[in-house]
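Here is the structure we will look at, set down as structure tokens.
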Amino acid sequence: MAVDSMHVVMFPFLAFGHISPFVQLARKLVAAGGVRVTLLSAAANVPRVEAMLGPAAGAVAVAPLRLQRVPGLPEGAESTAEVSADGAELLKVAVDGTRPQVAALLAELRPDALLFDFATPWVTELAAPLRIKALQFSVFSAVSGAYLMNPARRLGAGGQLPTADDLTSPPAGFPPSSSITTVPAYQAADFSYVFTSFHGEPCVYDRVLAGVQASDALVIKTCFEMEGPYINYLTAQHGKPVLVTGPVVPEPPQGELEERWAKWLSSFPDNAVVFASFGSETFLPAAAAAELLLGLESTNRPFFVVLNFPKGTDTEAELAKCTPPGFAERTKGRGVVHTGWVQQQHILRHRGVGCFVNHAGLSSVVEGLVAGCRLVLLPMKGDQYLNAALFARDLRVGAEVARRDSDGWFGRGDVSDAVDTAMADGWEGQGIKWRDFLMDDAVQKRLADDFVRDFKKFVRA
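Its first residue numbered 1, the sequence shown is counted upward by one per residue in our numbering.
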């Protein structure tokens, strides 16, 4: 390998919540110079991935993979955006079926390093004989990996998997500085998904652990400033080097906000509007969405809510189920309920928006902080619960919506109380500190430079 040349293959799972961080990391690597990237994805995703690459497209090749037909998986479905929850499990089977194609590509390309996702631990078996360094890239927070993806979770008598009751407690040796000393029953029950096998295939936990154990190193989308104790804990638990990319700070959005939304938001005083959005793949049950809407109504503040629904559902019918009787009439002029894509970054950065209610997805929290919004965290599944604890309790950014321990239920009063807390005078928490950290170009350049240096050094070793 020439000193100034390095070829990296990336293989994210077929979910755009995974593909996007891989693309962002590819852009970071090629921007540093001396690195070219080949990213693997299903053929139907290639145009969208190429568009996401932007100016880096010239240094990143996107190689298409052909998915085999899997019974039960809708024909033509090549990302989780197009399937149900069960379809997402079948997508893992389809990805497993690309092994011969991936083997042929690696043998042909002979890259220096392979960055792979949780779903494909088998790529390490293809990389090893070719002397390709294999690094597992986690798109999740370090705290979620530390709490759930711990070798000790399977080390009971006979190596059985943990029960929901086991998952209410952190694993042995968990950082004592963490705010997470226990989790409520509803969260532990949700975590059980990670340890559940579908269609006779390995569960998420087993896929992750197999990949970690066979990899040469771990790469995580975080930094020591925000998650130092959890990064150190993962390093000790897995006995592997851990490289951190730094958080992904969004670039300023291009273009202008759609006129109808700009005009509506501008009709209110600065920082008056509460914006609520839960990402493209987090869906609120109808009863929960109704309580959210009633809670925002009772704040007496203007609000803009984005509610999305699983693909294939009747959007209008679902929206009708969520909307309380008389709600539209009572909130006319000060409330918007929208379904479908919106220019989220533009909206968050509008002077009229002051509060962001979100699901505690990493990207959403960072977008909200960078935009200078007060945060209300309403996690709905999986790692979102642990992210919420990290940001609201460890880092003191944002207010969590109070929930019932047994089943996670929240009412309209819990929503309005959290908004009132977040918007109270003097209740910025540590939001300003972390916004300054994320917006400091020198700090972010240092984090990027440190990662690229450590990555290149590790691959060349």
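Just so it is clear, CB atoms sit at the ideal spot from N, CA and C, and this is done for glycine as well.
Just to confirm the assignment, what range does the beta strand (DSSP E) spanning residue i have?
| i | result |
| --- | --- |
| Phe13 | Here Phe13 belongs to no beta strand (DSSP E), and DSSP marks it neither H nor E. |
| Ser197 | It is not in any beta strand (DSSP E) - Ser197 carries neither H nor E in the DSSP assignment. |
| His338 | Gly335 to His338 |
| Leu130 | Looking at the DSSP string, Leu130 is not in any beta strand (DSSP E), and its letter there is neither H nor E. |
| Thr492 | This structure gives no information on residue 492, because the portion of the chain shown stretches from 1 to 461. |
| Leu477 | It is not possible to answer for residue 477, since the shown part of the chain is limited to 1 through 461. |
| Phe303 | Phe303 to Val306 |
| Ala172 | Note, Ala172: premise wrong, no beta strand (DSSP E); not H, not E. |
Once DSSP output is grouped into helix, strand and coil, what is the label at residue i?
| i | result |
| --- | --- |
| Met1 | Only weak support is given to the placement of Met1: the predicted model assigns it a pLDDT of 43, under 50, and the question is left unresolved by the model. |
| Gln254 | coil |
| Ile19 | helix |
| Met149 | coil |
| Arg412 | helix |
| Val274 | strand |
| Ala85 | helix |
| Ala157 | Its pLDDT being 49, under 50, Ala157 is placed unreliably in this model, and the coordinates cannot settle the point. |
| Arg446 | helix |
| Ala164 | coil |
| Ala77 | coil |
| Ser138 | strand |
| Leu218 | strand |
| Leu284 | coil |
| Val463 | The question about residue 463 has no answer here: the residues shown for the chain are numbered 1 through 461. |
| Phe451 | helix |
| Lys456 | helix |
For the putative contact between residue i and residue j, defined by C-beta atoms under 8 Å, what is the C-beta separation to the nearest angstrom?
| i | j | result |
| --- | --- | --- |
| Glu375 | Ala422 | A small fix is needed here, since residue 375 is Leu in this sequence, not Glu. At roughly 6 Å, the Cβ-Cβ gap stays under 8 Å, so Leu375 and Ala422 are in contact. |
| Val30 | Val37 | 6 Å |
| Val212 | Gln160 | Actually they do not touch by this definition, with Cβ atoms about 20 Å apart. |
| Lys263 | Val139 | About 36 Å separates the two Cβ atoms, so there is no contact after all. |
| Pro111 | Val8 | 6 Å |
| Arg207 | Pro285 | Not quite, the Cβ-Cβ distance comes to about 28 Å (not below 8 Å), so this is no contact. |
| Leu257 | His199 | That pair is no contact at about 43 Å. |
| Lys452 | Lys133 | The residue asked about is misnamed: residue 452 is Val in this sequence, not Lys. Their Cβ separation, rounded to whole angstroms, is 15 Å, which puts Val452 and Lys133 out of contact at 8 Å. |
| Phe470 | Leu243 | Since the first residue shown for the chain is 1 and the last is 461, residue 470 is missing from the structure and cannot be characterised. |
| Leu105 | Leu40 | 7 Å |
| Phe268 | Glu297 | Not quite, the Cβ-Cβ distance comes to about 16 Å (not below 8 Å), so this is no contact. |
| Gly295 | Ser416 | 5 Å |
What first and last residue would you give for the alpha helix (DSSP H) that runs through residue i?
| i | result |
| --- | --- |
| Gly432 | It should be pointed out that residue 432 corresponds to Ile in this sequence rather than to Gly. Gly431 to Met439 is the extent of the alpha helix (DSSP H) around Ile432. |
| Ile231 | Phe224 to His238 |
| Val212 | Val204 to Ala214 |
| Val49 | Val46 to Leu53 |
| Gln187 | Ala185 to Phe191 |
| Ala461 | First-last for Ala461: undefined, no H or E at that position. |
| Trp264 | Glu259 to Ser266 |
| Thr181 | Thr181 -> no alpha helix (DSSP H), and no H or E assigned at all. |
| Arg330 | Phe327 to Arg330 |
| Lys463 | Outside the shown range of the chain (1 to 461) lies residue 463, about which nothing can therefore be said. |
* **Contact the region 427-439 vs the region 304-314: 3+ CB pairs below 8 Å** => no
* Which ranges would you report for the beta strand (DSSP E) in the region 91-125 if only whole runs of at least 3 residues count? -> 113-116
* Asked: Do the region 142-157 and the region 367-374 make contact, defined as three or more Cβ pairs closer than 8 Å?
  -> no
* Which runs of the alpha helix (DSSP H), 4 residues or longer, sit entirely within the region 340-399? -> 344-349, 362-370 and 383-389
* State whether the region 375-390 contacts the region 173-193, with contact taken as three or more CB pairs (one from each stretch) at a distance under 8 Å. => Short answer: they touch.
* Asked: If you pair each beta-carbon of the region 101-117 with each one of the region 357-366, do three or more pairs fall below 8 Å?
  -> no
* Report yes or no: do the region 407-419 and the region 173-188 share at least 3 C-beta pairs separated by less than 8 Å? => Contact holds: three or more Cβ-Cβ distances are below 8 Å.
* Between the region 5-22 and the region 84-104, do three or more beta carbon pairs fall short of 8 Å? -> Short answer: they touch.
* Asked: Taking three-plus beta-carbon pairs below 8 Å as touching, is the region 389-401 in contact with the region 333-347?
  -> Result no; under three Cβ-Cβ pairs closer than 8 Å.
* Asked: Within the chosen definition, does the region 222-235 reach the region 163-179 through at least 3 CB pairs nearer than 8 Å?
  -> yes
* Is the region 244-252 touching the region 435-453, taking contact as three or more C-beta pairs under 8 Å? -> yes
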